[in-house]
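The working numbering applies: residue 1159 is where the sequence shown begins, and numbers increase by one.
Worksheet: one structure, shown below.
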Amino acid sequence: MTDEQPISRRAAREAARGKGAPTTPPAVDADAAPAAAKTPGGIGALLRRHPVAWIVGASAVAFALLGTGAVFAGAAWASRDQRAAVSTPEPSAAPERPLPAELASATRLRTCSIAPQAADPRLGGLVGTVVRTDTGESLFDRSGAAPAPTSSAMKVLTAAAAISRLGPDFQVTTSVYEGSSPGTIVLVGRGDATLSALPAGQESFYPGAPKLQTLAETTIANYRAKYPDIPIARVVLDAGYWNANDRWDETWDRGELTRGTLSEVTALQVDGDRSDPRAAVSERSNDPVGRAGSAFIEALRDADVDGDIVAEDVTTIAGSAVGTTTLAEVKSQPIRNWISQMLLANDHTLAEMLARIVSRESDMGGSAASLQGAITGALLSWEIPSDGVTIRDGSGVSAGDAVPPQVMTALMRKVLGGEGGLDVVRGVLPVAGKSGTLVDRFTGDNTEGRDNVTGAAGSLSGASTLSGWFTAADGAQYAFSFTAVAEGLKASDARAALDTLTIAALRCGDNLSNN
């Protein structure tokens, strides 16, 4: 056992580093036996004394240090600057995009312009439209929704209204009734202006019209059978199918009477109140009812071959029928014939009669004021819009009439299609170069329109119009309505410019541009 003092760990560390107080070798007793040499102290001595234990321990410490370093290194690596991990959501199905019920078709770029013709100064201010009749597609529009004067094109609206409300086979009846007492008879008119005073075998301007002579002969025969000993001394003239005083529109020129283009609008008249029953244009009177009464008295005398039924002093008086016993009646030709005569001859009187009858048969009274509702209401049968439409008469003589080109074009499209009896109208509209108001139109450079353009034309002071349809070179048909409007418009120049404009549209066909 050594007497060496145990060394503390601190002392060992300091000794290993060469620190601490210097040591003096212990004193040696010279007389003592030589002592064993002392083992040096410090870590080296410990290693020498316990080599295995130190190796094992050192290895353990080294392993621990290596492990600790690995942990810290791993932590440092893990904590390096990087984006935080983001969880990726499960992909979801993209919502379906809504699709339109019908995919829009490509819009055709049309390049054929009629702008130069539309800007012709002879037209003043132009309003008009052109549409394809098969699709209704509008190709050209210049203020097409704006109300415009119609002139004689109004007759097409009147004709269509008559087809709708009356039907093409409707006939107008003129009757003779017994009066309130024997010796009195009543002549009742219901708007048949074609009733003719010409005798059998002679035709008036309205071929095939009923004869006043037929009415008189039947009246005499039936009256004689019932009252052989009581002469007819008084004839009551009943023109009250509509108000007999509602016979002239304030916007009309009274010169129409003397120029012979229009009669007063009375429910009782003969031969359109013409002075010459055979002439299209013939002076009219200021009393068509009285003229009809005088003609009937003359026909009664001709029928009374024995001279015992018509009193020598027979008189006429305005009034109303009170009895219901019919002595005689005649019927007009079917309305389809009136429509033909009205449109081909541009007959103002027939147009006014038709319009009033449409009103009466629509339970609107037959007044001029009722025509707005009667005609626009009738056109609803073909879904013709009435926006912007103003109707003062059935002929278009009034400057107060107004119909937007879009409405007129829509009607022409229906007429061309012949819907609901409108084939009657289609078959009698004037054709360029052949008939009616278009017989002398489309000449010179515009001859392509002859025997092609079909429609109605007319002029008023400050307005000229042309509406109808044509077939283009591409084989398609197009409905159109053009109106030239200007103060001091010269009708002949405007008509020529309208023809040129129409032919320009015809040549463009489906390539017609709205530019």
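Here a beta-carbon is modelled for each residue, glycine too, at the ideal position from N, C-alpha and C.
Determine, using beta carbons only, whether residue i and residue j come nearer to each other than 8 Å.
| i | j | result |
| --- | --- | --- |
| VAL1686 | LEU1353 | This structure cannot settle anything about residue 1686, because the visible part of the chain is limited to 1159 through 1673. |
| VAL1589 | LEU1596 | yes |
| SER1443 | ARG1449 | yes |
| PRO1326 | GLY1579 | yes |
| ALA1642 | TYR1636 | no |
| GLY1286 | ARG1300 | yes |
| SER1539 | SER1322 | yes |
| GLY1554 | LYS1313 | yes |
| PRO1305 | ALA1560 | yes |
| LEU1370 | ALA1355 | yes |
| THR1473 | ARG1392 | yes |
| ARG1550 | ASP1404 | no |
| SER1421 | ASP1431 | yes |
| ILE1493 | PHE1328 | yes |
| ASP1396 | GLY1477 | yes |
| ARG1571 | VAL1288 | no |
| GLY1282 | GLN1564 | no |
| GLY1594 | ASN1504 | yes |
| ASN1673 | ALA1425 | no |
Taking the straight line between their C-alpha atoms, what separation do you get for residue i and residue j?
| i | j | result |
| --- | --- | --- |
| THR1623 | SER1639 | 8 Å |
| THR1332 | VAL1346 | 6 Å |
| SER1271 | ASP1632 | 16 Å |
| HIS1506 | ALA1532 | 18 Å |
| VAL1111 | ASP1545 | It is not possible to answer for residue 1111, since the shown part of the chain is limited to 1159 through 1673. |
| ALA1527 | GLY1552 | 11 Å |
| ASP1651 | PRO1562 | 22 Å |
| SER1309 | ASP1460 | 42 Å |
| CYS1666 | THR1660 | 10 Å |
| TRP1410 | ILE1388 | 46 Å |
| PRO1446 | LEU1618 | 26 Å |
| LEU1647 | GLU1510 | 26 Å |
| GLY1413 | MET1500 | 20 Å |
| LEU1485 | GLU1336 | 7 Å |
| ALA1367 | ASN1669 | 48 Å |
| TYR1364 | GLU1519 | 23 Å |
| ASP1609 | GLY1591 | 6 Å |
| ALA1654 | PHE1298 | 20 Å |
| ASN1102 | GLY1607 | As shown, the chain starts at 1159 and ends at 1673. That puts residue 1102 outside it, with no answer to give. |
| ALA1453 | ALA1277 | 54 Å |
| SER1296 | VAL1547 | 20 Å |
| VAL1573 | THR1612 | 11 Å |
| TYR1385 | LYS1489 | 25 Å |
| THR1416 | GLU1441 | 5 Å |
| GLY1535 | GLY1616 | 24 Å |
| SER1556 | LEU1284 | 20 Å |
| ASP1462 | MET1522 | 40 Å |
| ILE1542 | ASP1581 | 16 Å |
| ASP1649 | LEU1656 | Note that residue 1649 is Ala in the sequence shown, not Asp. The alpha-carbon atoms of ALA1649 and LEU1656 are separated by roughly 10 Å. |
Name, in chain order, the residues that DSSP records as bridge partners for residue i.
| i | result |
| --- | --- |
| ALA1358 | Answer is none; ALA1358 lacks a bridge partner. |
| GLY1578 | In the DSSP output, where bridge partners are listed per residue, GLY1578 has none listed. |
| TYR1636 | PHE1628 |
| THR1369 | Here residue 1369 is Lys; the residue named in the question, Thr, does not match the sequence. SER1354, per the DSSP bridge assignment. |
| GLY1613 | GLY1626 |
| LEU1670 | CYS1270 |
| TYR1335 | VAL1344 and THR1484 |
| LEU1618 | ALA1621 |
| THR1685 | This structure leaves residue 1685 out entirely; the chain is present only between 1159 and 1673. |
| ALA1560 | THR1548 |
| VAL1589 | THR1612 |
Rounded to the nearest angstrom, how far is the Cβ of residue i from that of residue j, given a contact under 8 Å?
| i | j | result |
| --- | --- | --- |
| THR1567 | LEU1458 | Rounded, the Cβ-Cβ distance is 51 Å, inconsistent with contact. |
| LEU1502 | ALA1319 | Between ALA1319 and LEU1502 the Cβ distance is about 18 Å, and since that is not below 8 Å, they are no contact. |
| ALA1621 | PRO1279 | Actually they are not in contact, since the Cβ atoms of ALA1621 and PRO1279 sit about 16 Å apart, beyond 8 Å. |
| ALA1469 | ILE1343 | Going by Cβ atoms, the distance from ALA1469 to ILE1343 rounds to 11 Å, so no, they are not a contact pair. |
| GLY1349 | ILE1515 | 5 Å |
| GLY1481 | SER1362 | With a Cβ gap of about 30 Å, GLY1481 and SER1362 do not count as contacting. |
| SER1625 | ALA1311 | 5 Å |
| VAL1334 | LEU1373 | 6 Å |
| THR1658 | GLN1275 | 6 Å |
| LEU1512 | THR1316 | 5 Å |
| ALA1662 | ASP1292 | Actually they do not touch by this definition, with Cβ atoms about 21 Å apart. |
| VAL1423 | ILE1497 | So it is not a contact: roughly 18 Å between Cβ atoms. |
Is the beta carbon of residue i within less than 7 Å of some heavy atom of the ligand FMN?
| i | result |
| --- | --- |
| VAL1547 | The ligand FMN is not part of the structure shown, which contains no ligands of any sort. |
Handout entry: Secondary structure, alpha helix (DSSP H): runs of 4+ residues fully inside the stretch 1371–1451
Key = 1413–1417
Problem - Entirely enclosed beta strand (DSSP E) segments - the stretch 1446–1506, minimum 3 residues - result: 1468–1476 and 1484–1489
Handout entry: Inside the stretch 1254–1313 only - beta strand (DSSP E) runs reaching at least 3 residues
Key = 1283–1290 and 1296–1300
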